[in-house]
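K.L.:
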Amino acid sequence: MKKLVTLCLCLAVCSVLFLAGSAFAQQKNVRVNIVTSEGNIVLELWPDKAPATVENFLKYAKAGFYEGTTFHRVISNFMIQGGGFDENLKPKRGMFEPIVNEADNGEKNRPYTIAMARTGHPHSATNEFFINVQDNKSLNFKSKSMEGYGYCVFGEVYAGKNVVDKIRDTPVKAKGPMPFAHVPVKPVVIKRVEVLP
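Residue numbers for the sequence shown follow the working numbering, so the first one is 181 and each next one is one higher.
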């Protein structure tokens, strides 16, 4: 009987350790490579800070959704936004349901962080994202209200800041459905997003 109890305890401890190890493994930072026509941008994503957001971004990347999309909105003193339009500014609609806004995770919209784009509704983010090119305090979480929710930061540029800067400084114009002069004159194409080992 004693041996049976000891065996059961050992199995229980092993199970707990295995589950804890799995949870820990899932929380490790993930790196992805955005291959663009201007060079590579390697991002480090933070599943411990924004698990639903990181999972959503990786689903789109693994599905090949971002292939052929562009950085369609470039504002040199604000951010560069991509993942929703092709070279002809034809919109590419999201494949998955909108996600819960995790902007209350304590992360700020600092330079070279990546965040989810969305509509005026806090929980409407799907496929579009942006990379901050300055300290955008106005985008940070303030409160769980329509106006104060902010934009969820879920990672940062690990390598390729020079590519981000190059895109930031690209000449822009108004084009097609975009009424403001934010569209790169020469399209900045996202060839693919690779999840790195």
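Glycine is no exception: its CB is placed at the ideal position from the N, C-alpha and C atoms.
(1) So, at 6 Å on beta carbons, what are the nonlocal neighbours of residue 364 in its own chain, with the 5 sequence-adjacent residues on each side left out?
(2) To the nearest angstrom, how far is it from the Cα of residue 227 to the Cα of residue 256?
(3) For the region 208-225 and the region 234-243, state whether three or more C-beta atom pairs, one from each stretch, are separated by less than 8 Å.
(4) For residue 300, count the other beta carbons within 10 Å of its own beta carbon; 16 or more makes it buried, fewer makes it exposed. Which is it?
(5) Beta-carbon of residue 282 versus every beta-carbon of chain D: anything under 9 Å?
(6) For the region 231-312, list the alpha helix (DSSP H) runs that are entirely contained and at least 4 residues long, ordered along the chain.
(7) Buried or exposed, going by whether 16 or more other CB atoms sit within 10 Å of the CB of residue 302?
(8) Taking DSSP as the reference, what is the three-state secondary structure of residue 195?
(9) Quick one, which of 356, 326, 361, 346 has its alpha-carbon nearest residue 283's?
(10) For the putative contact between residue 308 and residue 297, defined by C-beta atoms under 8 Å, what is the C-beta separation to the nearest angstrom?
(11) Please state whether the Cβ-Cβ distance between residue 314 and residue 258 is less than 9 Å.
(12) Is residue 203 helix, strand or coil by DSSP?
(13) Under the DSSP definition of a beta bridge, which residues are partnered with residue 216?
(14) Among 281, 249, 232, whose alpha-carbon lies nearest the alpha-carbon of residue 330?
(15) Grouping DSSP H, G and I as helix and E and B as strand, with all else coil, what is residue 376?
(16) Exposed or buried, which one is residue 268 when buried takes at least 16 other CB atoms within 10 Å?
(17) Which first and last residues belong to the alpha helix (DSSP H) in which residue 341 is found?
(18) Mind checking whether residue 347 and residue 246 have CB atoms under 9 Å apart?
(19) With residue 295 and residue 333 assumed to form a contact (beta carbons below 8 Å), what rounded beta-carbon distance in angstroms separates them?
(20) Does residue 277 pass the burial test, meaning 16 or more other C-beta atoms within 10 Å, or should it be called exposed?
P.N.:
This is what the structure gives:
(1) Only 254, 350, 352 meet the Cβ criterion.
(2) Linking residue 227 to residue 256 through their CA atoms gives a straight-line distance of about 28 Å.
(3) With the cut-off at 8 Å, the region 208-225 and the region 234-243 touch.
(4) Counting the other CB atoms within 10 Å of its CB gives residue 300 a total below 16, which places it among the exposed residues.
(5) Of the protein chains in this structure there is only one, and it is not chain D.
(6) Those alpha helix (DSSP H) runs which fall completely within the region 231-312 and span 4+ residues are 231-242.
(7) Residue 302 should be labelled buried.
(8) Its pLDDT being 46, under 50, residue 195 is placed unreliably in this model, and the coordinates cannot settle the point.
(9) That would be 326, whose Cα lies nearest to the Cα of residue 283.
(10) Residue 308 to residue 297, Cβ: 4 Å. Contact.
(11) Cβ atoms of residue 314 and residue 258: closer than 9 Å.
(12) In this prediction, residue 203 has a pLDDT of 44, which is less than 50 and means its spatial position is unreliable; what the coordinates show is noted afterwards. DSSP places residue 203 in helix when its eight states are reduced to three.
(13) 219, 370, per the DSSP bridge assignment.
(14) When the alpha-carbon of residue 330 is set against those of 281, 249, 232, the nearest one is in 281.
(15) In the structure shown, residue 376 falls within a coil segment according to DSSP collapsed to helix, strand and coil.
(16) Its Cβ having fewer than 16 others within 10 Å, residue 268 is exposed.
(17) For residue 341, the enclosing alpha helix (DSSP H) stretches over residues 341-348.
(18) No, Cβ-Cβ distance for residue 347 and residue 246 is not below 9 Å.
(19) 5 Å between Cβ atoms; contact.
(20) Residue 277 comes out exposed.
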